[in-house]
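>
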Amino acid sequence: MKKIKGIGALSIGLAFLLAPGSAIRADAASDKLTVVVTDEPKSLDPCDTDLSGNSRILHNNITEALVNLSPADGSVVPSLATGWRQVDELTWEFKLRDDVTFHDGKAFDANAVVAALKRAQDPALACEVGLATLKGVKFNAEAVNPTTLLIKTDIVEPILPNKMSAVDIGSPATPNDGKSRSPAGTGPYKFAAWTPGQSVDLVAYDGYWGDKPTIKNATIIWRAESAVRAAMVATGEAQIAYEIAPQDGTTEQDHSFPNAETSLLRIDAEIPPLNDKRVREALNLAIDRDGLVGTIFHQDAQKAMQAVPPSVFGFNPDIPIWTYDPEKAKSLLAAAKADGVPIDKEIVIYGRIGIYPNSSESLEAIQAMLADAGFNARLEMLETSPWLKKLLKPWDKERQPSILQTQIDNTEGDAVFTLPNRFTTDGNQSTIADAKLDALIAEASKATGDERKKLFEEAFSYIAVDTVNIVPLFHMVTIARVAENVTYTPDVQAGNEIKLKSISYR
Amino acid sequence: MSFTYFLKRAVFAALALAALMTSAFFLVRLTGDPANLYLPVDASDAAREAMRVRLGLDHSLPWQFLDWAGDMLSLDFGTSLWHNRPAMDVVLEALPNTLALGAIALTLAFIAAVIIGSIAAVNAGGWIDRGINVLSQAAASVPDFWLGLMGVLLFAVTLRILPTSGFGGPIYWILPVACLFARPFGTLVQIVRGSMIEALNATFVRTARAKGARGGRVTFVHALRNALLPAVTVTGDLAAQFAGGGGVVEVVFGFPGIGKLLIDGILKRDFAIVQASIFAVAVVIFFINILVDMLYASIDPRVRVE
Numbered sequence: 013m014k015k016i017k018g019i020g021a022l023s024i025g026l027a028f029l030l031a032p033g034s035a036i037r038a039d040a041a042s043d044k045l046t047v048v049v050t051d052e053p054k055s056l057d058p059c060d061t062d063l064s065g066n067s068r069i070l071h072n073n074i075t076e077a078l079v080n081l082s083p084a085d086g087s088v089v090p091s092l093a094t095g096w097r098q099v100d101e102l103t104w105e106f107k108l109r110d111d112v113t114f115h116d117g118k119a120f121d122a123n124a125v126v127a128a129l130k131r132a133q134d135p136a137l138a139c140e141v142g143l144a145t146l147k148g149v150k151f152n153a154e155a156v157n158p159t160t161l162l163i164k165t166d167i168v169e170p171i172l173p174n175k176m177s178a179v180d181i182g183s184p185a186t187p188n189d190g191k192s193r194s195p196a197g198t199g200p201y202k203f204a205a206w207t208p209g210q211s212v213d214l215v216a217y218d219g220y221w222g223d224k225p226t227i228k229n230a231t232i233i234w235r236a237e238s239a240v241r242a243a244m245v246a247t248g249e250a251q252i253a254y255e256i257a258p259q260d261g262t263t264e265q266d267h268s269f270p271n272a273e274t275s276l277l278r279i280d281a282e283i284p285p286l287n288d289k290r291v292r293e294a295l296n297l298a299i300d301r302d303g304l305v306g307t308i309f310h311q312d313a314q315k316a317m318q319a320v321p322p323s324v325f326g327f328n329p330d331i332p333i334w335t336y337d338p339e340k341a342k343s344l345l346a347a348a349k350a351d352g353v354p355i356d357k358e359i360v361i362y363g364r365i366g367i368y369p370n371s372s373e374s375l376e377a378i379q380a381m382l383a384d385a386g387f388n389a390r391l392e393m394l395e396t397s398p399w400l401k402k403l404l405k406p407w408d409k410e411r412q413p414s415i416l417q418t419q420i421d422n423t424e425g426d427a428v429f430t431l432p433n434r435f436t437t438d439g440n441q442s443t444i445a446d447a448k449l450d451a452l453i454a455e456a457s458k459a460t461g462d463e464r465k466k467l468f469e470e471a472f473s474y475i476a477v478d479t480v481n482i483v484p485l486f487h488m489v490t491i492a493r494v495a496e497n498v499t500y501t502p503d504v505q506a507g508n509e510i511k512l513k514s515i516s517y518r
Numbered sequence: 288m289s290f291t292y293f294l295k296r297a298v299f300a301a302l303a304l305a306a307l308m309t310s311a312f313f314l315v316r317l318t319g320d321p322a323n324l325y326l327p328v329d330a331s332d333a334a335r336e337a338m339r340v341r342l343g344l345d346h347s348l349p350w351q352f353l354d355w356a357g358d359m360l361s362l363d364f365g366t367s368l369w370h371n372r373p374a375m376d377v378v379l380e381a382l383p384n385t386l387a388l389g390a391i392a393l394t395l396a397f398i399a400a401v402i403i404g405s406i407a408a409v410n411a412g413g414w415i416d417r418g419i420n421v422l423s424q425a426a427a428s429v430p431d432f433w434l435g436l437m438g439v440l441l442f443a444v445t446l447r448i449l450p451t452s453g454f455g456g457p458i459y460w461i462l463p464v465a466c467l468f469a470r471p472f473g474t475l476v477q478i479v480r481g482s483m484i485e486a487l488n489a490t491f492v493r494t495a496r497a498k499g500a501r502g503g504r505v506t507f508v509h510a511l512r513n514a515l516l517p518a519v520t521v522t523g524d525l526a527a528q529f530a531g532g533g534g535v536v537e538v539v540f541g542f543p544g545i546g547k548l549l550i551d552g553i554l555k556r557d558f559a560i561v562q563a564s565i566f567a568v569a570v571v572i573f574f575i576n577i578l579v580d581m582l583y584a585s586i587d588p589r590v591r592v593e
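Order-wise, the sequence lines are chains S and V.
Going letter by letter, the first sequence gives residues 13 to 518 in the numbering used here.
Going letter by letter, the second sequence gives residues 288 to 593 in the numbering used here.
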């Protein structure tokens, strides 16, 4: 009898556990939304939004910046600031909204921006924004009155408003002696909870100054596996999943969108035989980009001719895309060899595991293409840390000739965020030391308007055509899976912000 | 088990732990510079150097070691770079999940393996035995990763009876437990079958049969008790492996355990997390070994834990 009771209890338990539908969440019928991303955020501090994993949760959901960049053309549009003007070469004035309060009840005013900007640049805090976007310039903010702010710089900063789009303004109560794990901002969502290893929960903020969001409760979770992320939308456990691998993203729910990333191979042009321009041209001619797209790379990826996508200010549309011409590559190599260039020397292709979907497969294909053209190329796939040692200076003088797989993102919308570090003599990732290019980039960085555009276009052309320092591959796309009953169109900024307030159920 | 025995084991374990932690200290530092990994690629050299100073990585390795050893003695594992919290707090959140996951999977695998392995041994050479052999070989060799994804596809996407992944009530444990169950089940079935065949042919079993003991009693009391020792040994080893986390299973199912934490810690060069995880897992393994010794003694009275 005892045994029968035990079996009965077990059966009831199993029936309860396995009841159809018990595993499927009912979010679809409510105002709740679950979004699945690849990784847990490193930080939810407002000053760490330069890292996309943090930014996706924070930016324009919990915290906001003075301005935003338009996803359509990268132009600066108002957010917490209603207007701005350049007072003199070193001073900008911002007019702020007067109807905004932080989630913790504190008023948003010029003093709050002063505190946030100072905090973002505090070296002791090592904020992502301070270390990247704001690097190299000292930004001093002064509150003229609650709604008027002056930002002074120590050097000319023609794109200061663009840079301010990366500085999220946290509550003045944000600690100054450490990073915050419970951010308070001005955005449409309040931070509710961060369950380590599992999820971050947000709830709509009733006192939001802008249009109220439709979704009242949002949960961001993370799964490392693309197939699992995709399955979560298929089962209704999540409504949006990002970074779906091409092989998993084949349904009508899968939407590709440009992610502001450009994949390319950086050529180490200092080491023979890659110090010969003909060899570098041969590298470009040996790669069948049409053969890679739609197979290893997503079919919507666009063939690239420079290191930034067309949405970036300074993009040069007139640089010709490399054709696939292995015969010409062979003849260039033969000519170089005749001049004593050691073209038989082994060239290492350094790749980074998982830098984008099918990153290893793409390099395996490229290695085969280079071999067909007569290169002696060896592939070495690296994990992130050793790859960074290859990416960042200082490098060993006795190093092997190499090309390095990389992917450059530019969500800030201006070429200055891409060029100086990667293509000038002092750049920490630059394999090129060319005084003419240095001067061109320096001049472009200080210029404004059409002059700035023209100079950056020249710089891109110089890199691609005159020095041939890179093997551009593709302007990349990311796939997001969106549930059928959800209205959401990912745009070029979706890699850095989820824009929850624009999402609704049909 | 005497207190002296426990003390002796504890002293040896402490020495082993000290050697392990010292190795871990040097090995993780061979894997790369966290300053490169944690700062944006556009960060300046000055910012990288400042981070190295902040982390104490600017000192010589012996100096870093002495500093770290001092912290170890006071059980201070430092702050996780990635989580920005005390590393041991993060580890102690994840460890119970992994231990529970491993304990459930291993207990089920042990019980199932004892039953199925005994059935195979009793029917040695027959079609039941051959069928069990194929099943156990397959279970022992199936990759966790593949099994996990197939489980998601079948039970979550197609049948809609289980969640794809995540952490929560009992239903969230079924697929991870099933994936972790497979390999030890397959291995243990093979071991139980082999030792049971040996035991069933032993003289004491023939004596029991000659005295008129029933078949079931002979198999499950006389033979099985003697055949269990090798299975317990292997289960102890498997338990030690599981204490280090369900690895890929935790990654696939987004299960917040120590395996995923340790993998992330290594990939992200989060020295404090790696060291705290290794310490915690080593302590757990010490207690698992004690437990296995005690089990030995209770299964076979000839074995005395001294």
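Cβ coordinates follow ideal geometry from the N, Cα and C atoms, glycine included.
For Pro135 of chain S, go through chain V and note every residue whose CB falls closer than 8 Å to its CB, in chain order.
As a working note, residue 135 of chain S is residue 123 in the first sequence. Residues of chain V passing the Cβ test: Ala334 and Ala337.
> Arg556 of chain V touches chain S at which residues, Cβ-Cβ below 7 Å?
By 1-based counting over the second sequence, the position of residue 556 of chain V is 269. The contacting residues are Ser397.
> Are the CB atoms of Ala77 of chain S and Met176 of chain S nearer to each other than 8 Å?
Within the first sequence, residue 77 of chain S is the residue found at index 65, counting from 1. Within the first sequence, residue 176 of chain S is the residue found at index 164, counting from 1. Contact flag set, yes.
> Anything in the region 516-545 of chain V with a Cβ closer than 9 Å to a Cβ of chain S? List those residues in chain order, please.
Those would be Val538, Val539, Phe540, Gly541, Phe542, Pro543 and Gly544, in chain order.
> Between S:Ser516, S:Lys513, S:Ile491 and S:Glu496, which lies nearest to Val504 of chain S when the distance is taken from Cα to Cα?
Here residue 504 of chain S refers to the residue found at position 492 of the first sequence. Of S:Ser516, S:Lys513, S:Ile491 and S:Glu496, the residue nearest in Cα terms is S:Ile491.
> Taking the straight line between their C-alpha atoms, what separation do you get for Pro135 of chain S and Arg335 of chain V?
Residue numbering aside, residue 135 of chain S sits at position 123 when the first sequence is read from its first letter. Residue numbering aside, residue 335 of chain V sits at position 48 when the second sequence is read from its first letter. For Pro135 of chain S and Arg335 of chain V, the distance between alpha carbons rounds to 11 Å.
> Please check the pair Gly425 of chain S and Ser323 of chain S, which I expect to be a contact at CB under 8 Å, by giving their CB distance rounded to whole angstroms.
For the purposes of this step, residue 425 of chain S is taken as residue 413 along the first sequence, with counting starting at 1. For the purposes of this step, residue 323 of chain S is taken as residue 311 along the first sequence, with counting starting at 1. About 7 Å separates the two Cβ atoms, so the contact holds.
> Between Lys54 of chain S and chain V, is the shortest Cβ-Cβ distance under 8 Å, so that the two count as touching?
As a working mapping, residue 54 of chain S is identified with position 42 in the first sequence. Chain V contact via Cβ: present.
> Is there a Cβ of chain V sitting closer than 8 Å to that of Val240 of chain S, yes or no?
In the first sequence, residue 240 of chain S corresponds to position 228, counting from 1. Chain V contact via Cβ: present.
> At the 8 Å Cβ level, is His509 of chain V part of the contact set with chain S, yes or no?
By one-based count along the second sequence, residue 509 of chain V stands at place 222. No, because no Cβ of chain S sits closer than 8 Å to the Cβ of His509 of chain V.
> Tell me the DSSP secondary structure of Asp337 of chain S in three-state form.
Here the question's residue 337 of chain S lines up with position 325 in the first sequence. Coil at Asp337 of chain S, not helix or strand.
> Nearest to Met317 of chain S by alpha carbon, out of S:Phe486, S:Ser516, S:Asp337 and S:Lys130?
Locating residue 317 of chain S in the first sequence gives position 305, counting from the first residue. Of the candidates S:Phe486, S:Ser516, S:Asp337 and S:Lys130, the one whose C-alpha sits nearest the C-alpha of Met317 of chain S is S:Phe486.
> Can you tell me whether Asp121 of chain S is buried or exposed? The criterion is at least 16 other CB atoms within 10 Å of its CB, across all chains shown.
As a first step, residue 121 of chain S must be located in the first sequence, where it is residue number 109. Buried, since its Cβ has 16 or more Cβ neighbours within 10 Å.
> Please give the ranges of any alpha helix (DSSP H) in the region 88-150 of chain S, keeping only runs that are unbroken, at least 4 residues long and fully inside the region.
Counting only runs of 4 or more, we get 122-132 and 140-143.
> Please report the distance separating the alpha-carbon of Ala246 of chain S from that of Phe442 of chain V.
As a position in the first sequence, residue 246 of chain S is number 234, starting the count at 1. As a position in the second sequence, residue 442 of chain V is number 155, starting the count at 1. In a straight line, the C-alpha of Ala246 of chain S is about 12 Å away from that of Phe442 of chain V.
> Between the region 267-287 of chain S and the region 493-504 of chain S, are three or more C-beta pairs nearer than 8 Å?
With the cut-off at 8 Å, the region 267-287 of chain S and the region 493-504 of chain S touch.
> Can you tell me where the alpha helix (DSSP H) with Lys465 of chain S in it begins and where it stops?
In the first sequence, counting from the first residue as 1, residue 465 of chain S sits at position 453. Where Lys465 of chain S is concerned, the enclosing alpha helix (DSSP H) stretches over Gly461 to Ser473.
> With 8 Å as the limit, tell me which residues of the region 226-254 of chain S have their beta carbon closer than that to any beta carbon of chain V; keep them in chain order.
Answer in chain order: Ile233, Trp234, Arg235, Ala236, Glu237, Ala239, Val240, Ala243, Met244, Ala246, Thr247 and Glu249.
> Is there a Cβ of chain S sitting closer than 8 Å to that of Phe312 of chain V, yes or no?
By 1-based counting over the second sequence, the position of residue 312 of chain V is 25. No, Phe312 of chain V lies away from the interface with chain S (no Cβ there is under 8 Å from its Cβ).
> Apart from the five residues just before and just after Pro413 of chain S, which ones in its own chain have a Cβ nearer than 8 Å to its Cβ?
The residue given as residue 413 of chain S occupies position 401 in the first sequence. Here the set comprises Asp280, Ile283, Pro284, Pro285, Leu286, Lys357, Glu358, Ile359 and Val360.
> May I ask you to report which of helix, strand or coil DSSP gives Ala281 of chain S?
Numbered from its first residue, the first sequence carries residue 281 of chain S at position 269. Here Ala281 of chain S sits in coil by DSSP.
> Put Asp358 of chain V into one of helix, strand or coil per three-state DSSP.
The residue labelled residue 358 of chain V in the question sits at position 71 within the second sequence. Of the three classes helix, strand and coil, the one that applies to Asp358 of chain V here is helix, per DSSP.
> How would you label Phe309 of chain S, buried or exposed, when you count the other beta carbons within 10 angstroms and need 16 or more for buried?
For the purposes of this step, residue 309 of chain S is identified with residue 297 of the first sequence, where counting begins at 1. With 16 or more Cβ atoms within 10 Å of its Cβ, Phe309 of chain S is classed as buried.
> Should Val315 of chain V and Phe558 of chain V be called a contact, given that it needs their Cβ atoms to be closer than 8 Å?
For this step, residue 315 of chain V is matched to residue 28 along the second sequence. For this step, residue 558 of chain V is matched to residue 271 along the second sequence. The answer is yes: Cβ separation under 8 Å.
> Met437 of chain V: buried (16+ other C-beta within 10 angstroms of its C-beta) or exposed?
Residue mapping note: residue 437 of chain V aligns to position 150 of the second sequence, counting from 1. Exposed.
> Leaving out five residues on either side along the sequence, give the residues of the same chain with a beta carbon under 6 Å from the beta carbon of Val479 of chain V.
Taking the second sequence and counting its residues from 1, the one referred to as residue 479 of chain V is at position 192. So the list reads Ala400, Val401, Gly404 and Ala518, once near-sequence residues are dropped.
> State the CB to CB distance for the pair Ile252 of chain S and Ser238 of chain S, rounded to an integer number of angstroms; the pair is presumed to be in contact (CB under 8 Å).
Along the first sequence, one-based indexing puts residue 252 of chain S at 240. Along the first sequence, one-based indexing puts residue 238 of chain S at 226. No, Ile252 of chain S and Ser238 of chain S are not in contact; Cβ-Cβ is about 14 Å, not under 8 Å.
> Nearest to Ile299 of chain S by CA position, among S:Val320, S:Asn328, S:Gly326 and S:Ile333, is which residue?
Here residue 299 of chain S refers to the residue found at position 287 when the first sequence is read from its first residue. For Ile299 of chain S, the nearest C-alpha among the options comes from S:Ile333.
> Quick one: what does DSSP say Thr394 of chain V is sitting in, helix, strand or coil?
Working through the second sequence from its first residue, we reach residue 394 of chain V at position 107. Three-state result, Thr394 of chain V: helix.
> Check the Cβ of Asp62 of chain S against every Cβ in chain V and list those closer than 8 Å, keeping chain order.
Here residue 62 of chain S corresponds to residue number 50 of the first sequence, with the count starting at 1. Per Cβ cutoff of 8 Å: Pro327.
> If we count the other Cβ atoms within 10 Å of its Cβ and call it buried at 16 or more, is Ala447 of chain S buried or exposed?
Here residue 447 of chain S refers to the residue found at position 435 of the first sequence. Ala447 of chain S is exposed by the Cβ-count criterion.
> Report, in whole angstroms, the separation of the C-beta atoms of Ser192 of chain S and Gly182 of chain S, which I expect to be a contact under 8 Å.
Here the question's residue 192 of chain S lines up with position 180 in the first sequence. Here the question's residue 182 of chain S lines up with position 170 in the first sequence. Confirmed, about 7 Å.
> His370 of chain V CB to nearest chain S CB: under 8 Å?
Translated into positions along the second sequence, residue 370 of chain V becomes position 83. By this cut-off, His370 of chain V is an interface position.
> So Gly544 of chain V and Ala381 of chain V are in contact, right, with Cβ under 8 Å, and what is the actual spacing, rounded?
Residue mapping note: residue 544 of chain V aligns to position 257 of the second sequence, counting from 1. Residue mapping note: residue 381 of chain V aligns to position 94 of the second sequence, counting from 1. Right, their Cβ atoms sit about 5 Å apart.
> Using alpha carbons as the reference points, say which of V:Asp431, V:Ile484 and V:Ile550 lies closest to Gly412 of chain V.
Here residue 412 of chain V refers to the residue found at position 125 of the second sequence. Of V:Asp431, V:Ile484 and V:Ile550, the residue nearest in Cα terms is V:Ile484.
> Does DSSP put Val504 of chain S in a helix, a strand or coil?
Your numbering for residue 504 of chain S matches position 492 in the first sequence. Three-state result, Val504 of chain S: coil.
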